[in-house]
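Peer 1: Quick one: the structure is below, and I'll ask about it shortly.
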Amino acid sequence: MTIPLTQSGKHWIEFNVDTNDIYTFTLTKEFGYELPQNTSEMPIPYKLSSYDIENNAVGIDFGTTECCAAVIRKSGPDFVVLDDVTRLRTMPSYISFDEENEKCGQIVVNRMRHQSKYTVYDIKRIIGKKCEEVIVDSLWPFKVISNEKEGGSVQIETYTFNGSQELKTPEEIAAVLMKHMKTCLEAYQSKALKSAVITIPSEFTEAQIKATAEAAKIAGWESIDFLPEPIAAAFAYFSEINIPNNSIIIICDCGGGTVDICIAKVSGNQIKILSHAGDPHLGGRDFDKLLFNYFAQKLKNDHNFNVMNSDKRYVLKIKCQDIKHTLSVTNYDFIDVDDFDSEQDGIISITREQFEMMATDLIDRFENVILETVTNAALEVNQIQYVFQVGGGCRMPMIKHLLLKIFPAAEHQCNINPEWVVANGAAVYSYHLKNSQSAGGWISTVAKALTFFSNK
0 MTIPLTQSGK
10 HWIEFNVDTN
20 DIYTFTLTKE
30 FGYELPQNTS
40 EMPIPYKLSS
50 YDIENNAVGI
60 DFGTTECCAA
70 VIRKSGPDFV
80 VLDDVTRLRT
90 MPSYISFDEE
100 NEKCGQIVVN
110 RMRHQSKYTV
120 YDIKRIIGKK
130 CEEVIVDSLW
140 PFKVISNEKE
150 GGSVQIETYT
160 FNGSQELKTP
170 EEIAAVLMKH
180 MKTCLEAYQS
190 KALKSAVITI
200 PSEFTEAQIK
210 ATAEAAKIAG
220 WESIDFLPEP
230 IAAAFAYFSE
240 INIPNNSIII
250 ICDCGGGTVD
260 ICIAKVSGNQ
270 IKILSHAGDP
280 HLGGRDFDKL
290 LFNYFAQKLK
300 NDHNFNVMNS
310 DKRYVLKIKC
320 QDIKHTLSVT
330 NYDFIDVDDF
340 DSEQDGIISI
350 TREQFEMMAT
360 DLIDRFENVI
370 LETVTNAALE
380 VNQIQYVFQV
390 GGGCRMPMIK
400 HLLLKIFPAA
410 EHQCNINPEW
420 VVANGAAVYS
430 YHLKNSQSAG
440 GWISTVAKAL
450 TFFSNK
């Protein structure tokens with residue numbers, strides 16, 4: 000009997016014989032994913048005049064606060080609508096178990112006030128960690144529990160649609176987001192998809208990478224390659240603009256949950272990583288929390304209303320994210336008190352200047368990560384020639400001003416949508432990875448480069 004192995008890679012053959020001497024074979028292809036191997040150089044995936052859409056290259060930005068996904072079409076990366084409510088190409092990384100079929104995205108955010116006990120978010124800040132490593136947010140409507148039988152790994156306790164409490168692993172919860180993205184991507188491509196490139200923070204540990212791979216496996220992906228988020232962003236820029244040889248660039252990625260900084264040098268057709276650093280607990284979410292604490296204290300002190308004792312705390316949480324965005328384009332915003340206590344009128348206002356004063360410590364931490372990266376590269380700040388601004392946090396004027404202050408002589412690039420740029424680069428990388436024909440060529444070189452970022 001011959002069993003055809005139509006795909007490369009490891010396969011498992013399970014042979015079973017029952018009591019009636021009837022035997023069965025089960026053939027299973029091993030789930031595969033690439034981990035980093037210690038090298039610091041990789042080829043630059045330059046923009047092509049046209050792309051082969053049959054390549055089915057997929058890039059996924061699995062973000063703390065938002066997800067984004069792209070596929071390669073004839074002219075380059077094309078971004079897929081992920082959110083069923085907003086029809087936007089980014090989707091809030093929120094999951095709800097209030098119905099038999101899990102939901103994710105803006106619909107979950109919209110229902111947070113009344114359905115919070117079914118809701119999980121910030122899963123990227125939890126996945127792959129031991130329970131004692133997780134910094135618990137007081138606003139989380141779910142519980143983080145240690146599974147002592149599994150060496151202190153994390154379990155998430157949340158309510159489900161039948162009203163009972165259930166324990167789920169972070170991998171199972173992250174898989175809901177990844178499965179939704181896979182469904183959207185397959186609908187867009189009108190075919191089943193088996194492989195993708197998923198981006199990860201440069202400071203992710205091997206345990207976090209493996210847990211993310213497990214989530215992808217649960218979601219139905221058969222093969223995954225990982226790419227550090229700042230490198231994905233750099234690939235996106237290299238495919239759009241011409242960076243001269245020997246240029247030194249810094250990628251400043253201020254995402255929803257993490258800050259990633261990477262310095263690289265262009266050397267011929269290669270990009271050489273000089274240094275990288277990050278902060279896994281500094282991102283847009285932390286700026287939201289500053290605003291939340293400010294308004295919560297004002298409501299309590301000036302209006303005798305404790306929002307923390309009310310489901311309206313989630314109304315305030317979402318409102319603070321909107322105010323953060325508004326203060327990037329205006330000098331003033333406010334909340335209506337009667338949105339929280341219908342028996343009181345009035346507003347509580349905040350100015351951009353107040354917000355920036357409140358954020359001094361966060362900005363200092365961001366600056367320290369940048370300067371640490373420059374120092375580790377044995378460079379001076381005036382040697383940086385290009386600054387790539389990545390992530391929604393780079394829309395805030397205080398972040399832009401900081402980068403201009405540190406690198407006044409550099410050329411600052413923010414011409415690619417900062418929320419899309421990581422998925423863009425991941426899709427470009429995926430295309431070149433799939434298109435490589437020689438075992439000693441693009442594939443092996445880049446695969447080795449990935450783990451330069453995960454040497455913990």
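Take the sequence shown: its position 84, counting from 1, is numbered 83 in numbering that gives the first Met the number 0, and each next residue is one higher.
Glycine included, each C-beta is placed from N, C-alpha and C at the ideal position.
(1) If distances are taken between C-alpha atoms only, which option among 174, 80, 117 and 380 comes closest to residue 185?
(2) Let's test the definition: count the other Cβ atoms within 10 Å of the Cβ of residue 407 and tell me whether it reaches 16, buried, or not, exposed.
(3) Taking DSSP's pairing of strands, which residues face residue 264 in a bridge?
(4) Can you name the start and end residues of the alpha helix (DSSP H) that residue 302 belongs to?
(5) If we ignore side chains and look at the alpha-carbon of each, how far apart do residue 229 and residue 236 end up?
(6) Using only the alpha-carbon positions, how far apart do residue 98 and residue 118 sit?
(7) For the beta strand (DSSP E) containing residue 195, list its first residue and its last residue.
(8) Apart from the five residues just before and just after residue 49, which ones in its own chain have a Cβ nearer than 8 Å to its Cβ?
(9) Check whether the Cβ atoms of residue 284 and residue 64 sit closer than 8 Å, and answer yes or no.
(10) With DSSP collapsed to three states, give me the class of residue 435.
(11) In angstroms, rounded to a whole number, what distance separates the CA positions of residue 399 and residue 272?
(12) Let me make sure I understand the geometry here. Which of 71, 58 and 39 has the alpha-carbon closest to that of residue 47?
(13) Quick check on residue 308: does DSSP put it in helix, strand or coil?
(14) For residue 57, which three-state DSSP category applies?
(15) Using the Cα positions of residue 387 and residue 55, report the straight-line distance between them to the nearest angstrom.
(16) May I ask you to list the residues that DSSP assigns as paired with residue 66?
(17) Whole angstroms are fine: how far does the CA of residue 380 sit from the CA of residue 165?
(18) Would you tell me roughly how many angstroms separate the C-alpha atoms of residue 435 and residue 335, rounded to the nearest one?
(19) For residue 345, which residues in the same chain have their Cβ closer than 7 Å to its Cβ, ignoring the five residues on either side in sequence?
(20) Check this for me: beta carbons of residue 256 and residue 219, under 8 Å apart or not?
(21) Where do the N-terminal and C-terminal ends of the alpha helix (DSSP H) with residue 169 fall, by residue?
(22) Check the DSSP bridge columns for residue 385 and list the partner residues they point to.
(23) For residue 179, which residues of its own chain have a beta-carbon under 6 Å away from its beta-carbon, when the five flanking residues on both sides are left out?
(24) Got a sec, what are the start and stop residues for the alpha helix (DSSP H) residue 380 sits in?
(25) On the DSSP bridge list, what partners appear for residue 102?
(26) Tell me, to the nearest whole angstrom, how far the beta carbon of residue 240 is from that of residue 373; I am working on the premise that it is less than 8 Å.
(27) Can you tell me where the beta strand (DSSP E) holding residue 158 begins and where it ends?
(28) My understanding is that residue 141 touches residue 131, with C-beta atoms under 8 Å, so please give their C-beta distance in whole angstroms.
(29) When burial is assigned at 16 or more other CB atoms within 10 Å of the CB, is residue 430 buried or exposed?
(30) Going by DSSP, which residues form a beta bridge with residue 41?
(31) Within 8 Å of any Cβ in chain B, is that where the Cβ of residue 413 sits?
(32) Taking the alpha helix (DSSP H) that residue 211 belongs to, which residues open and close that run?
(33) Rank 120, 358, 216 and 40 by C-alpha distance to the C-alpha of residue 66 and give the top, closest one.
(34) By the DSSP assignment, the alpha helix (DSSP H) with residue 471 in it spans what residues?
(35) Give me, in chain order, the residues of the same chain whose beta-carbon lies closer than 8 Å to that of residue 168; leave out the 5 immediate sequence neighbours on both sides.
Peer 2: Working from what's here:
(1) Counting from one through the sequence shown, the residue named residue 185 turns up at place 186. Per the Cα distances, 80.
(2) In the sequence shown, the residue the question calls residue 407 occupies position 408. Under this definition residue 407 is an exposed residue.
(3) Numbered from its first residue, the sequence shown carries residue 264 at position 265. Answer is 247 and 271.
(4) Position 303 of the sequence shown holds residue 302. From DSSP, the alpha helix (DSSP H) with residue 302 extends over 283–302.
(5) On the sequence shown, residue 229 is found 230 positions in, with the first residue counted as 1. On the sequence shown, residue 236 is found 237 positions in, with the first residue counted as 1. In a straight line, the C-alpha of residue 229 is about 11 Å away from that of residue 236.
(6) For the purposes of this step, residue 98 is identified with residue 99 of the sequence shown, where counting begins at 1. For the purposes of this step, residue 118 is identified with residue 119 of the sequence shown, where counting begins at 1. Using only the alpha carbons, I get a separation of about 11 Å.
(7) The residue given as residue 195 occupies position 196 in the sequence shown. Run containing residue 195: 194–199, per the beta strand (DSSP E) assignment.
(8) Your numbering for residue 49 matches position 50 in the sequence shown. Closer than 8 Å at Cβ, skipping near neighbours: 73 and 74.
(9) Locating residue 284 in the sequence shown gives position 285, where the first residue counts as 1. Locating residue 64 in the sequence shown gives position 65, where the first residue counts as 1. Going by C-beta atoms, residue 284 is nearer than 8 Å to residue 64.
(10) Locating residue 435 in the sequence shown gives position 436, counting from the first residue. It is coil, neither helix nor strand.
(11) Start at 1 with the first residue of the sequence shown, and residue 399 comes out as number 400. Start at 1 with the first residue of the sequence shown, and residue 272 comes out as number 273. The alpha-carbon atoms of residue 399 and residue 272 are separated by roughly 24 Å.
(12) Here residue 47 refers to the residue found at position 48 when the sequence shown is read from its first residue. With distances taken between Cα atoms, residue 47 lies closest to 71.
(13) Within the sequence shown, residue 308 is the residue found at index 309, counting from 1. Here residue 308 sits in helix by DSSP.
(14) Residue mapping note: residue 57 aligns to position 58 of the sequence shown, counting from 1. DSSP places residue 57 in strand when its eight states are reduced to three.
(15) Against the sequence shown, residue 387 aligns to sequence position 388. Against the sequence shown, residue 55 aligns to sequence position 56. One C-alpha to the other measures close to 27 Å.
(16) Within the sequence shown, residue 66 is the residue found at index 67, counting from 1. Answer is 61 and 90, bridged to residue 66.
(17) Residue 165 sits at position 166 when you count from the first residue of the sequence shown. Residue 380 sits at position 381 when you count from the first residue of the sequence shown. Those two C-alpha atoms are separated by around 51 Å.
(18) Here residue 435 refers to the residue found at position 436 when the sequence shown is read from its first residue. Here residue 335 refers to the residue found at position 336 when the sequence shown is read from its first residue. For residue 435 and residue 335, the distance between alpha carbons rounds to 57 Å.
(19) What you label residue 345 is simply residue 346 of the sequence shown in a count that begins at 1. So the list reads 336, once near-sequence residues are dropped.
(20) As a first step, residue 256 is located in the sequence shown; it is residue number 257 there, counting from the start. As a first step, residue 219 is located in the sequence shown; it is residue number 220 there, counting from the start. Against a cut-off of 8 Å, the Cβ pair of residue 219 and residue 256 comes out as no contact.
(21) Here residue 169 refers to the residue found at position 170 when the sequence shown is read from its first residue. Here the alpha helix (DSSP H) through residue 169 covers 169–188.
(22) Reading the sequence shown from its first residue, position 386 is the one you call residue 385. Residue 385 pairs with 248 and 410.
(23) For the purposes of this step, residue 179 is taken as residue 180 along the sequence shown, with counting starting at 1. Contacts found: 103.
(24) Within the sequence shown, the letter at position 381 stands for residue 380. Where residue 380 is concerned, there is no enclosing alpha helix (DSSP H), given that its DSSP letter is neither H nor E.
(25) Taking the first residue of the sequence shown as 1, we reach residue 102 at position 103. Its beta-bridge partners are 95.
(26) For this step, residue 240 is matched to residue 241 along the sequence shown. For this step, residue 373 is matched to residue 374 along the sequence shown. Between residue 373 and residue 240 the Cβ distance is about 22 Å, and since that is not below 8 Å, they are no contact.
(27) Locating residue 158 in the sequence shown gives position 159, counting from the first residue. Residue 158 -> beta strand (DSSP E) spans 152–158.
(28) Position 142 of the sequence shown, counted from the first residue, corresponds to residue 141. Position 132 of the sequence shown, counted from the first residue, corresponds to residue 131. So it is not a contact: roughly 18 Å between Cβ atoms.
(29) Reading the sequence shown from its first residue, position 431 is the one you call residue 430. That one is buried.
(30) Working through the sequence shown from its first residue, we reach residue 41 at position 42. Answer is 270.
(31) Of the protein chains in the structure, only one exists, and it is not chain B.
(32) On the sequence shown, position 212 is the one that residue 211 refers to. Where residue 211 is concerned, the enclosing alpha helix (DSSP H) stretches over 205–218.
(33) Taking the first residue of the sequence shown as position 1, residue 66 is located at position 67. Residue 120 is the option with its Cα nearest to residue 66.
(34) No answer is possible for residue 471: the residues shown for the chain start at 0 and end at 455.
(35) The residue labelled residue 168 in the question sits at position 169 within the sequence shown. Hits under 8 Å: 152, 153, 154 and 155.
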